[in-house]
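Worksheet for the structure shown next.
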Amino acid sequence: MIGVRTTRKFFTPVMLLMLATLASLTHADQSTIPHIGALVLPQSSGAFETGLREGLQQLGYIEGKSIIIDWRRARFQENDAQRLAIELARSKLDVIVVYGTPAARAALQVNRTTPIVFGSGDPVGSGLVPNLTHPGGNATGISAVMTESTGKRLELLREIAPRARRIACLTNPEDALGTQQFQTAQQAGPSVGMQVVELDARNETQLRRALAQLSRSGFDGILITADVLFEANNREIADAIRQARVPAVFPFRDYHEDGALMSYGPDLRAAGRMIATYVDKILKGAKPGSLPIEQHTKFELVVNLKTAKALGITIPESILLRADEVIR
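Residue numbers (this note's numbering): 163 to 490.
The structure is reproduced here in structure tokens:
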């Protein structure tokens, strides 16, 4: 009994000291773990999120252990992205990652100190940064060059629908990038024997009206521009096009989840991995304003043969051979 009591008196303070020391070390380790915030649009950023996680993992980061990611998913509603950007700005974050030009603009409007890494179709034309080589300020990232890929999508539409002449181009005039994409398609139209007509929609109400026109306006094909309004309503757009029974080419592969015929645009998964390299450099001490913005040049072509069969369209072998993925 005496031995037992002596042992308890001796070890209890020691054990308490060891536990207190361990707790303090654990707290110190937690405080040194990088903490980043990510503002994305849930309807269209699945591939981007996957790529960001993959990129960070490849660089040695383990989410929840050696890096903490605070995910914020904005709905396509007025001021929602800005509200979430303000929340992230008030948090003690090492880096903020944003997907899409509207989210990047919202983040920059409310935050001029925390480093921001963005993915944008045209960061200079959208006014996010003054130039690609020296972005300056607290932001950098990648540019997807969406205007150039718009012309390519029109060429693909011409290949799968050689008799098509009158093409609708779904555009959001509120977005400067959307206007640029339409102008690119309109200028390229005559070279492929097509007349490109703007079908504009600035909000969800106007989008529903525009989609209702597809079946009765005599369009031979549809070109979808890259815009968060359309990404947020991808299912409604895909359904309307399917009812109109006309060929369409989309800017992102995410549209295939709702049965899109064909897509050609940036590989968002690869874009996420590229963003991860910027995060890593900033966490290691680099200043975002001194990191040149890279042009994202990895684009992917995806074709859905099931949809083609339902529309009575034969996809040329030349396109199938070039496709990165063929859905059968």
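Heads up, the beta-carbon is just placed ideally off N, CA and C, and yes, glycines get one too.
Model, not experiment: these values are computed from the prediction.
Taking a contact as a CB-CB distance under 8 Å, the pair residue 342 and residue 427 does not count as one, their CB atoms being some 15 Å apart.
Taking every protein chain shown into account, the CB of residue 277 has 16 or more other CB atoms within 10 angstroms, so this residue is buried. When rounded, the separation of the alpha-carbon atoms in residue 448 and residue 296 is 13 Å. Cα atoms of residue 345 and residue 461: separation of roughly 21 Å, rounded to the nearest angstrom. Scanning the region 199–266 from its first residue to its last, the whole alpha helix (DSSP H) runs of 4-plus residues come out as 208–220 and 242–252.
When rounded, the separation of the alpha-carbon atoms in residue 236 and residue 203 is 5 Å.
A residue is called buried once 16 or more other Cβ atoms fall within 10 Å of its Cβ, and residue 490, having fewer, is exposed. CA-to-CA, the gap between residue 320 and residue 326 works out to about 7 Å. Take residue 255, set aside five residues on each side of it, and the residues of its chain with a beta-carbon closer than 8 Å to its own are 197, 198, 199, 232 and 276, in chain order.
Of the candidates 442, 475, 446 and 467, 442 places its Cα closest to the Cα of residue 220.
Uninterrupted alpha helix (DSSP H) stretches at least 4 residues long and entirely within the region 314–353 occur at 338–350, given in chain order. Remark: C-beta atoms of residue 301 and residue 269 approach each other more closely than 9 Å. Here DSSP, grouped into helix, strand and coil, assigns residue 294 to coil. If you look at residue 366, you'll find it in the alpha helix (DSSP H) that goes 366–374. By the beta-carbon neighbour count (other beta carbons within 10 angstroms, threshold 16), residue 394 is buried. Nearest to residue 331 by C-alpha distance, out of 421, 317, 417 and 360, is 360. About 5 Å separates the beta carbons of residue 389 and residue 340, which is inside the 8 Å limit, making them a contact pair. In the three-state scheme derived from DSSP, where H, G and I count as helix and E and B as strand, residue 413 is classed as coil. Rounded to whole angstroms, residue 398 and residue 290 show a C-alpha spacing of 30 Å.
The DSSP-derived three-state label of residue 396 is helix. The distance from the Cβ of residue 473 to that of residue 407 is about 6 Å, consistent with a contact at the 8 Å cut-off.
Distance from the Cα of residue 251 is smallest, within the candidate group 227, 214, 201 and 225, for 201. In terms of Cβ geometry, residue 263 and residue 242 do not form a close pair [threshold 9 Å].
For residue 480, the enclosing alpha helix (DSSP H) covers residues 479–484. DSSP, read as helix, strand or coil, puts residue 301 in strand. Take the alpha-carbon of residue 471 and the one of residue 208: they are about 27 Å apart. Under the rule that a run must span 3 or more residues, the beta strand (DSSP E) segments found entirely inside the region 419–446 read 424–428. Residue 385 sits away from residue 402, with the two beta carbons spaced by 9 Å or more. Judged by DSSP secondary structure, residue 467 falls outside any beta strand (DSSP E) and instead within the alpha helix (DSSP H) spanning 467–473.
Judged by DSSP secondary structure, residue 359 falls within the beta strand (DSSP E) whose first and last residues are 357–362.
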